[in-house]
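Comments concern the structure below.
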Amino acid sequence: MNAFTFAVVQLLHTLINVYIWIIIISALLSFIRPNPDNQLVRQILQAIYQVTEPVYDFIRRKMPFVVLSGIDLSPIIILLALQFLDTFMMRSFFG
Numbered sequence: 001m002n003a004f005t006f007a008v009v010q011l012l013h014t015l016i017n018v019y020i021w022i023i024i025i026s027a028l029l030s031f032i033r034p035n036p037d038n039q040l041v042r043q044i045l046q047a048i049y050q051v052t053e054p055v056y057d058f059i060r061r062k063m064p065f066v067v068l069s070g071i072d073l074s075p076i077i078i079l080l081a082l083q084f085l086d087t088f089m090m091r092s093f094f095g
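Under this note's numbering, the first residue of the sequence shown carries the number 1, and numbering increases by one thereafter.
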């Protein structure tokens, strides 16, 4: 494997891991509900939701059964898919 392929795979691995952490933070913030009157908190919440909500909406549209009694399971579906993708990618390139 050449250096360019290695760099691309490592970059994708890092991006997947960062997005996984963003989803975890988004899920935790949905339970905590920080004060939205604080401008810094509002900007952080907007940034996180702008990154995660399009993916959540896609999963909710394609799999309407992921919302059970008001509990949204789309973050879990996305986390499982990202973990599978990351593991598959790393195993196929690095054995």
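Every residue gets a Cβ at the ideal spot worked out from N, C-alpha and C, and that includes glycine.
Just so it is clear, the structure is predicted and the values come from calculations on it, not from any experiment.
To the nearest angstrom, report how far apart Phe-58 and Ala-3 are at their CA atoms.
Taking the first residue of the sequence shown as position 1, residue 58 is located at position 58. Taking the first residue of the sequence shown as position 1, residue 3 is located at position 3. So the two alpha carbons sit approximately 35 Å from each other.
Tell me whether Asp-72 sits in a helix, a strand or coil according to DSSP, three-state version.
As a working note, residue 72 is residue 72 in the sequence shown. DSSP places Asp-72 in strand when its eight states are reduced to three.
For the structure I just gave you, are there three or more beta carbon pairs, one from the region 80-91 and one from the region 12-21, closer than 8 Å?
yes
Leu-29 and Leu-45 closer than 8 Å at C-beta:
Looking up residue 29 in the sequence shown gives position 29. Looking up residue 45 in the sequence shown gives position 45. Cβ atoms of Leu-29 and Leu-45: closer than 8 Å.
Please go through the region 32-67 and give each complete beta strand (DSSP E) segment of 3 or more residues, from N-terminal end onward.
none
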